[in-house]
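Before any comments, here is the structure.
2 protein chains.
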Amino acid sequence: MVKVNALITDRMQSDVAIIPALADHLIAAGGKRLRPLITVAAARLAGATDDNGLKLAAAVEFIHTATLLHDDVVDGSQLRRGKVAAHLIWGGAQSVLVGDFLFARAFELMVETGSMKALEILARASRVIAEGEVLQLTRSHDLNLSQELYIEIIAAKTAELFAAAAEAGAVSAGVESVKTAALRAYGMNLGLAFQLVDDALDYGGTTESLGKNAGDDFREGKATLPLLLAIARSGAKEADFWERTVGRREQTDADFARVRELMIGTGAIEATLDLAADYAEAAKAALKGFPANDWRDALEQLADFSVSRRA
Amino acid sequence: MVKVNALITDRMQSDVAIIPALADHLIAAGGKRLRPLITVAAARLAGATDDNGLKLAAAVEFIHTATLLHDDVVDGSQLRRGKVAAHLIWGGAQSVLVGDFLFARAFELMVETGSMKALEILARASRVIAEGEVLQLTRSHDLNLSQELYIEIIAAKTAELFAAAAEAGAVSAGVESVKTAALRAYGMNLGLAFQLVDDALDYGGTTESLGKNAGDDFREGKATLPLLLAIARSGAKEADFWERTVGRREQTDADFARVRELMIGTGAIEATLDLAADYAEAAKAALKGFPANDWRDALEQLADFSVSRRA
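Going down the list, the protein sequences come from chains G and C. Numbering-wise, the first sequence is residues 1 to 311 according to the numbering used here. Numbering-wise, the second sequence is residues 1001 to 1311 according to the numbering used here.
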């Protein structure tokens, strides 16, 4: 991962000084580098002995960073990774364009690996992510959203990149297709677990531990699973409360505390975390055909971490 | 070009209905399809007998459309191709995301051609365009911008895609590198001519013929060549006028008419169009090593058209 970080720093450079400044604001702020870690570990677990996976790992992180920059503009987010969101410092225009820069750089890195298959996987993933984002934006205030469609949305906007990260790593190792599919399944399930926990933490976590504002989803009236479950389970007597706070988004300062109570009382958070745990188990199960070694351990621990984290 | 248009329509489809709706708003509005035409003609002139160039042509148009969607959000433009800009109908968020979708689709199309070289050319071009846009945004109000840096900016943000469109076409024909370089030079020079005329028309054209608002560059205080020349040539006696209208952007309705007079009086428009004509000649000269046939004629006519157009 030291080599991946060095690549990331190297390839976000540009003669246009504002580009590395803006990109570094987000990249140096940390983030967990989960996706490139998955690519590297998947490549090694699939038997890679060269460093081709490293460039793909850096490409995956660039795609992720580009989507974060665009998302924060799209959502008007204030905080990211504990820092003021880039668009509030450099403006939305620069954030959109630096996102485009990083996206293009990701494809330049993939070209360097010479793997057409990896390009296919990550071009497709980039397209699916955009589709998922558009779908979420279209349906984000639909309080009748089914759990099935919610899962479809997070599979596209979040889990697809985890799946593609693992698949691209496997492909870079030249492993047979059944193992590639297994690693893709690992990534997909891990990504679903990860997003479910994220959505639960938006109601259960603190701003300090999250690095972004807790309660943002509620304030935006975003139809995530915890909210959908809490609405369904709290019954007719809370219908007026949900209609006012989420339907019309007329909220007072006291409302979020009341929502947290309803989330706990109805078991909505717990049910969301239980579902996440199921996906984490499915992720680990996808690895059972691989030899038990340090790389498999790392990927299993990542699945455990994704559901145990509190930020 | 009928086949290219069919490909464009086919590949902008998505299960997420808003995506083709938004994309089609811009694509069906027309536009001149100059860039894909360059790819197709360059491929044929370089001896291509298959249809590989068509997918690259569609990819080039998708990259162009994606940058238009993002630019209109970035600039807050009201009109595009004679229609209300997409972000004013669907919102900036959807425009950014559909731009991302089209960008990813472009790379999926390139992958289908199996040409790593074409991917390299267009990934690099996408990155250079983003750098050019950021640079322009950073320096857009710098009235001391040198002509050299202005040319560097338009080379990156506009001409690079013309150059890459021609180069990718040549590469798809598998032609030797000296001919690829010649077609790239054609595209670069044509792109510079095209942007210079665009910048001149923003002061000389009518909103109706342009399909976008005349005078937008002036209202935004954008440092394009006509403005830089008019400021330099109108001397000290107009310094206060420029400082107020462009420097502080305090404009009255009468100011644009006065600017048009200064543009004509100082010869700033004419000088800009003369420079464009020089680049158009250089574009045609780059083709002299190719056989005189219909495809070379088409590319030469495109160069003539670029400097004769009034919209």
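Heads up, the beta-carbon is just placed ideally off N, CA and C, and yes, glycines get one too. The structure presented is a predicted model; accordingly, all values stated were derived computationally and were not measured.
Nearest-angstrom beta carbon gap, residue j and residue i [assumed within contact, 8 Å]
i: Thr245 of chain G; j: Phe194 of chain G; result: That belief does not hold up - the Cβ atoms of Thr245 of chain G and Phe194 of chain G are roughly 27 Å apart, past 8 Å.
i: His314 of chain G; j: Ala86 of chain G; result: The structure shown has nothing for residue 314 of chain G, since chain G only spans 1 to 311.
i: Ala104 of chain G; j: Ala1123 of chain C; result: 6 Å
i: Leu54 of chain G; j: Tyr150 of chain G; result: At roughly 35 Å, the Cβ-Cβ gap does not stay under 8 Å, so Leu54 of chain G and Tyr150 of chain G are not in contact.
i: Val1134 of chain C; j: Val16 of chain G; result: 5 Å
i: Gly1169 of chain C; j: Ala1043 of chain C; result: 4 Å
i: Trp90 of chain G; j: Ile18 of chain G; result: 7 Å
i: Glu1160 of chain C; j: Val1128 of chain C; result: 5 Å
i: Thr1065 of chain C; j: Ile1027 of chain C; result: 6 Å
i: Ala1163 of chain C; j: Gly1132 of chain C; result: The Cβ separation is near 12 Å, so there is no contact.
i: Gly1221 of chain C; j: Arg1249 of chain C; result: 5 Å
Cutoff 7 Å: residue i Cβ touching any chain C Cβ
i: Asp216 of chain G; result: no
i: Glu133 of chain G; result: yes
i: Ser77 of chain G; result: no
i: His70 of chain G; result: yes
i: Val60 of chain G; result: no
i: Val111 of chain G; result: yes
i: Glu167 of chain G; result: no
i: Glu243 of chain G; result: no
i: Phe101 of chain G; result: yes
i: Ala123 of chain G; result: yes
i: Ala239 of chain G; result: no
i: Ala236 of chain G; result: no
i: Arg309 of chain G; result: no
i: Arg248 of chain G; result: no
i: Ser126 of chain G; result: yes
i: Ser306 of chain G; result: no
Segment limits, alpha helix (DSSP H) that includes residue i
i: Glu1152 of chain C; result: 1147 to 1154
i: Arg11 of chain G; result: 2 to 11
i: Pro291 of chain G; result: It is not in any alpha helix (DSSP H) - Pro291 of chain G carries neither H nor E in the DSSP assignment.
i: Arg260 of chain G; result: 255 to 265
i: Leu348 of chain G; result: Absent from the model: residue 348 of chain G. The displayed extent of chain G is 1 to 311, so no value can be given.
i: Val336 of chain G; result: Because chain G spans 1 through 311 in this model, residue 336 of chain G falls outside it and cannot be assessed.
i: Gly53 of chain G; result: 52 to 75
i: Leu1037 of chain C; result: 1034 to 1045
i: Glu243 of chain G; result: Segment: none, Glu243 of chain G is in no alpha helix (DSSP H) and carries neither H nor E.
i: Asp278 of chain G; result: 268 to 285
i: Leu26 of chain G; result: 18 to 27
CB contact check: residue i to chain G, cutoff 7 Å
i: Phe1162 of chain C; result: no
i: Leu1097 of chain C; result: yes
i: His1141 of chain C; result: no
i: Val1074 of chain C; result: yes
i: Ala1086 of chain C; result: no
i: Gly1174 of chain C; result: no
i: Thr1138 of chain C; result: yes
i: Val1171 of chain C; result: no
i: Glu1152 of chain C; result: no
i: Ile1018 of chain C; result: yes
i: Glu1220 of chain C; result: no
i: Phe1107 of chain C; result: yes
i: Glu1120 of chain C; result: yes
i: Ala1155 of chain C; result: no
i: Ala1277 of chain C; result: no
i: Ser1014 of chain C; result: yes
Nearest residue (CA-CA) to residue i, options the options
i: Arg1184 of chain C; options: C:Ile1231, C:Ala1125, C:Ser1014; result: C:Ala1125
i: Met1001 of chain C; options: C:Gly1030, C:Lys1222, C:Ile1121, C:Arg1080; result: C:Gly1030
i: Ala239 of chain G; options: G:Glu220, G:Lys222, G:Thr252, G:Val259; result: G:Val259
i: Glu1112 of chain C; options: C:Asp1216, C:Arg1011, C:Val1040, C:Lys1284; result: C:Arg1011
i: Leu1037 of chain C; options: C:Leu1056, C:Ala1023, C:Gln1147; result: C:Leu1056
i: Gly247 of chain G; options: G:Ala257, G:Leu228, G:Glu261, G:Ser77; result: G:Leu228
i: Ala1165 of chain C; options: C:Glu1120, C:Ala1280, C:Ala1268, C:Asp1253; result: C:Glu1120
i: Ala298 of chain G; options: G:Met116, G:Ala21, G:Leu22, G:Ala41; result: G:Ala41
i: Val178 of chain G; options: G:Lys288, G:Gln94, G:Gln301, G:Lys83; result: G:Lys288
i: Leu273 of chain G; options: G:Met188, G:Glu152, G:Ser308; result: G:Ser308
i: Leu45 of chain G; options: G:Glu243, G:Val175, G:Ala223; result: G:Val175
i: Met1263 of chain C; options: C:Gly1082, C:Asp1202, C:Ser1146; result: C:Asp1202
i: Gly1114 of chain C; options: C:Gly1265, C:Ala1155, C:Asp1071, C:Asp1051; result: C:Asp1051
i: Ala232 of chain G; options: G:Asp142, G:Ala280, G:Ala181; result: G:Asp142
i: Asp1253 of chain C; options: C:Gly1191, C:Glu1270, C:Arg1219; result: C:Arg1219
i: Ala6 of chain G; options: G:Ala280, G:Gln251, G:Glu61, G:Ala181; result: G:Glu61
i: Gly265 of chain G; options: G:Ala230, G:Ala292, G:Gln94; result: G:Ala230
At 4 residues or longer, and completely inside the segment 167 to 226 of chain G: list those alpha helix (DSSP H) runs for me, N to C. Those alpha helix (DSSP H) runs which fall completely within the segment 167 to 226 of chain G and span 4+ residues are 177 to 204, 207 to 210, 216 to 220.
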